[in-house]
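Okay, structure first, notes after.
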Amino acid sequence: MDQRKMAPQATEAAWHDWLSAAELRDAMTSWKFVSDSHDAYNRYLELGTDSPQ
């Protein structure tokens with residue numbers, strides 16, 4: 005995937021950026037997310053292919 009080609013619609017996102025695995029783990033515990041985001045993150049962790057360190 006070419007991350008440079010990905011861009012959210014300005015009207016749909018207040019902020020976007022790429023996070024390291026550790027930054028994502030910290031964000032999931034301290035930022036406000038909708039429940040679907042937590043569900044997706046938990047499924048990602050269950051895959052075990054690139055679990056945050």
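Using this note's numbering, you'd call the opening residue of the sequence shown number 5 and step up by one each time. For every residue, glycine included, the Cβ atom is placed at its ideal position computed from N, Cα and C. Bear in mind the structure is a predicted one, so any value in this text is a computation, not a measurement.
Residue i and residue j look like a contact to me (Cβ under 8 Å); what is the Cβ gap, rounded to whole Å?
{"i": "A31", "j": "L23", "result": "6 Å"}
Please state the DSSP three-state secondary structure of residue i.
{"i": "K9", "result": "helix"}
{"i": "E16", "result": "coil"}
{"i": "D21", "result": "coil"}
If you follow the alpha helix (DSSP H) that residue i is part of, which residue opens it and which one closes it?
{"i": "S39", "result": "39-51"}
Going by C-alpha to C-alpha distance, which of the options sits closest to residue i?
{"i": "R8", "options": "T15, E16, D21, A14", "result": "D21"}
{"i": "Y45", "options": "R29, S34, K36", "result": "R29"}
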